[in-house]
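Data block below; observations after.
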Amino acid sequence: MIIDIHAHLGTSWVGWSEDYADLEGLIKLMDQFGVDISCVNSWQLSYDPIKGNKEIFDAVKKYPERLIGFGVISPRYKQTLVKQEIDKCIKEYGMKGLKLHPTLNGYYADSTIVDPVMEKAIHYDIPLLFHTWNDDYSNPRRIAALAQRFPQAKIIMAHMGFEDWLEAIVIAEKAENIYLDTTGTTTEWLIIKTAVERCGEDKILFGSDSPALNLGAELAKVKDAQISQQAKEKILYENAARLLKLSKA
Numbered sequence: 055m056i057i058d059i060h061a062h063l064g065t066s067w068v069g070w071s072e073d074y075a076d077l078e079g080l081i082k083l084m085d086q087f088g089v090d091i092s093c094v095n096s097w098q099l100s101y102d103p104i105k106g107n108k109e110i111f112d113a114v115k116k117y118p119e120r121l122i123g124f125g126v127i128s129p130r131y132k133q134t135l136v137k138q139e140i141d142k143c144i145k146e147y148g149m150k151g152l153k154l155h156p157t158l159n160g161y162y163a164d165s166t167i168v169d170p171v172m173e174k175a176i177h178y179d180i181p182l183l184f185h186t187w188n189d190d191y192s193n194p195r196r197i198a199a200l201a202q203r204f205p206q207a208k209i210i211m212a213h214m215g216f217e218d219w220l221e222a223i224v225i226a227e228k229a230e231n232i233y234l235d236t237t238g239t240t241t242e243w244l245i246i247k248t249a250v251e252r253c254g255e256d257k258i259l260f261g262s263d264s265p266a267l268n269l270g271a272e273l274a275k276v277k278d279a280q281i282s283q284q285a286k287e288k289i290l291y292e293n294a295a296r297l298l299k300l301s302k303a
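Just so you know, we're using my numbering here: the sequence shown kicks off at 55 and counts up by one.
If you want it as structure tokens, here you go:
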């Protein structure tokens, strides 16, 4: 069983026409590489996330056994709209998490404008998937400050901080409410092995960033990692199932 915590649908915000995430194409990719469930969020991250969330809802409705929706939220929208959209995503659309992209939307991950989103996520007891990178908007230190301010929140550092992967690992080791996803980390043997050794096998989730990144290559990083079979099973399925409160967890 494999759960991909980080996949996309829709037209890419970077304008890569070859990365257009067609629904049927994503399902075909999942079948090709043996992914049972993908947690999908919209690539309409900045120009129309509300429309994108509706498109994700429609996709999940077509493939309810294969897809789980994550709502894209920009806290730069006014607070009343942000709260309404989160309510709609969770109560009407049945989504199980939220995705935030501080870098693209131009805010610091630990800014107080994020507070209403954090409060709603805690209220609904759902995870928040934060884009993390080695820039000033979304670096692991920003996520650490946010997690400290909201200890009840369940925060996933997408991309494991990218080039700041070691700092992300050290931060997740100390913060009980921070998880790491494997999406987009480099292929060095050391990274996933170090994450398991420092953070424990319960705090790491498989993610692919599919179809922007190669699903097969992203899977291989976990399957070929120098870690135990038990750790691989937790990363590929069990940790996500538990975090998302799936019935088989």
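Virtual Cβ for every residue (Gly too), placed ideally from N, Cα, C. Quick caveat: nothing in here was measured; it's all calculated off a predicted structure.
Closest residue to residue i among the options (Cα-Cα distance)
i: Ile59; options: Leu234, Lys277, Pro103 and Thr248; result: Leu234
i: Ile245; options: Gln280, Ser262 and Lys142; result: Gln280
i: Tyr131; options: Ile104, Cys143 and Glu119; result: Ile104
i: Lys150; options: Ile81, Ser92, Ile232 and Phe87; result: Ser92
i: Gln284; options: Leu300, Pro118 and Asp256; result: Asp256
i: Lys116; options: Glu78, Trp219 and Thr239; result: Glu78
i: Met84; options: Ile144, Asp190, Trp219 and Leu267; result: Leu267
i: Trp97; options: Gln133, Thr134, Asp169 and Asp263; result: Asp263
i: Tyr147; options: Trp187, Val94 and Glu173; result: Val94
Bounding residues of the beta strand (DSSP E) (the contiguous stretch that carries residue i)
i: Ala61; result: Ile57 to Leu63
i: His213; result: Here His213 belongs to no beta strand (DSSP E), and DSSP marks it neither H nor E.
i: Val94; result: Ile91 to Ser96
i: Ile144; result: Here Ile144 belongs to no beta strand (DSSP E), and DSSP marks it neither H nor E.
i: Ile281; result: Neither: Ile281 is in no beta strand (DSSP E) and is coded neither H nor E.
i: Pro235; result: According to the sequence provided, residue 235 is Asp. The question's Pro does not apply to it. Start and end: Ile232 to Asp235.
i: Ile245; result: It is not in any beta strand (DSSP E) - Ile245 instead sits in the alpha helix (DSSP H) that spans Trp243 to Cys253.
i: Leu154; result: Gly151 to Leu154
i: Pro181; result: Pro181 to His185
i: Gly88; result: Looking at the DSSP string, Gly88 is not in any beta strand (DSSP E), and its letter there is neither H nor E.
Whole-angstrom C-beta distance between residue j and residue i, which should lie under 8 Å
i: Ile176; j: Phe204; result: 7 Å
i: Val126; j: Leu99; result: 6 Å
i: Thr241; j: Lys275; result: 6 Å
i: Val171; j: Leu152; result: 7 Å
i: Thr237; j: Gly254; result: Not a contact, Cβ separation roughly 19 Å.
i: Val168; j: Pro129; result: 5 Å
i: Pro156; j: Tyr101; result: Their Cβ separation, rounded to whole angstroms, is 17 Å, which puts Pro156 and Tyr101 out of contact at 8 Å.
Spatial neighbours of residue i in its chain, beta-carbon cut-off 6 Å, leaving aside the 5 residues before and after
i: Val114; result: Leu121 and Gly123
i: Asn188; result: Phe216, Glu217 and Asp218
Residues near residue i in its chain [Cβ-Cβ closer than 7 Å; skip 5 each side]
i: Met55; result: Asp90 and Tyr291
i: Lys288; result: Glu255 and Asp256
i: Lys277; result: Lys286
i: Phe111; result: Gly123 and Tyr147
The alpha helix (DSSP H) enclosing residue i, as first and last residue numbers
i: Lys115; result: Pro103 to Lys116
i: Val168; result: Careful: Val168 lies outside any alpha helix (DSSP H) and carries neither H nor E.
i: Ile223; result: Trp219 to Lys228
8 Å Cβ shell around residue i - same chain, five flanking residues per side excluded
i: Ala303; result: Because Ala303 carries a pLDDT of 45, less than 50, the predicted location of this residue cannot be relied on, and the following value inherits that uncertainty. Here the set comprises Glu292, Ala295 and Arg296.
i: Lys44; result: Residue 44 lies beyond the range of the chain shown here (55 to 303); nothing can be said about it.
Using a Cβ distance threshold of 8 Å, determine whether the segment 183-191 contacts the segment 206-225, with at least three qualifying pairs required. Yes: the two stretches touch, three or more of their Cβ pairs being nearer than 8 Å.
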